[in-house]
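Below is one structure, written out as structure tokens, with a few remarks after it.
Residue numbers (UniProt numbering): 1 to 152.
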């Protein structure tokens, strides 16, 4: 049995080495569920809180049966996205996001884990730039070998 899906009903499986592949496929998978699912990952979703007499939010969460249609729709989008993210990671990656209740938080954890912070990205970009600038074909190297070096 395959470990990951090629169908709309199964998300791709993230492991330690396939983040770029997984990310593009997971975005497509989340969008294929419905538009609010992907939007929830982008914007986040906080559980609504009970309002006090002045209309300000309290610390108490609003019971699910009291949610408005819009709040329920948002919560459903979050649930679908979080479920897809949980199903789309291996056990090791799941340990990183298992306590998340908001899909955006889980997405950001996975993104930071694999892409790094802005400082890490800049550092990687400088390293790749230097590597590219130093790239040249050796006299005894075949075109195929040089090509394989370039695509690494």
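A virtual CB, placed ideally from N, CA and C, is assigned to each residue, including glycine.
- The alpha-carbon of residue 132 is positioned some 48 Å away from that of residue 73.
- When 81, 51, 56, 89 are compared, the shortest CA-CA separation from residue 67 is found for 51.
- With the rule of 3 Cβ pairs closer than 8 Å, the region 36-47 counts as touching the region 96-107.
- Setting aside the 5 residues that flank it on each side, residue 30 is surrounded in the same chain by 37, 38, 41, 81, 84, each with a C-beta closer than 7 Å to its C-beta; the list follows chain order.
- Between residue 11 and residue 88, the CB-CB gap stays under 8 Å.
- Straight-line spacing of the CA atoms in residue 61 and residue 44 works out to 17 Å.
- For residue 49, the enclosing beta strand (DSSP E) stretches over residues 49-51.
- With contacts defined as CB atoms closer than 8 Å, residue 96 and residue 117 fail to qualify as a contacting pair.
- Taking the Cβ atoms as the reference, residue 150 lies roughly 12 Å from residue 128, outside the contact range of under 8 Å.
- A straight line joining the alpha-carbon of residue 144 with that of residue 138 spans about 12 Å.
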